[in-house]
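The sequence shown begins at 0 in this note's numbering and counts up one residue at a time.
Quick reminder that beta carbons are idealized off the backbone N, C-alpha and C, glycines included.
Predicted model only: the values in this text are computed from it and were never measured.
To keep things clear, I will list the structure first and then write my remarks on it.
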Amino acid sequence: MSLHGKWRPVRAELDGEHAPELALERMELHLAVTTYAVHFAGEVHDRGDVVYTETTITLNGKHGEQAGRVIPAIYQLAGDRLRICYGLDGTTPAEFKTQTGSARYLVTYRRQAE
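Put into structure tokens, the structure is as follows:
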């Protein structure tokens with residue numbers, strides 16, 4: 000199954016702290032063959048290039064808050080659920096876990112209809 004499509008977060012943690020549900024409801028991740036975009040409340044908040052392997056995703060921010068940053072991540076895809084752990088410090092996470100000071104952002108997404 001492809002990662003390409005629209006994904007809405009259903010759960011997220013940053014450095015061990017849960018993200019507010021209201022923020023999650025307003026966000027959407029769009030993944031394409033070579034690009035990604037993060038939408039918040041219908042507006043493009045961040046976009047750039049993306050590179051996939053069997054277990055990793057690398058985001059190369061081009062426009063928006065993450066412009067100029069390379070963010071490596073690991074992922075698991077199961078049906079309509081996608082779990083991604085982002086290494087906000089530029090290092091690839093070894094596991095799907097966050098804790099205080101870890102610079103990890105762990106998100107579970109649900110695929111949205113096209």
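query: Comparing alpha-carbon positions, which option in L23, I56, R7, A40 lies nearest V32?
result: I56
- prompt: With DSSP run on the structure shown, which of helix, strand or coil describes E24?
  reply: helix
query: By how many angstroms is the C-alpha of I73 removed from the C-alpha of T91?
result: Approximately 7 Å, taken between the alpha carbons.
- prompt: Considering only residues of the stretch 36-95, which uninterrupted alpha helix (DSSP H) runs meet the minimum length of 4 residues and lie entirely inside it, listed in chain order?
  reply: As far as the stretch 36-95 is concerned, it has no whole alpha helix (DSSP H) run of at least 4 residues.
query: Residue range of the beta strand (DSSP E) that P8 falls in?
result: 4-13
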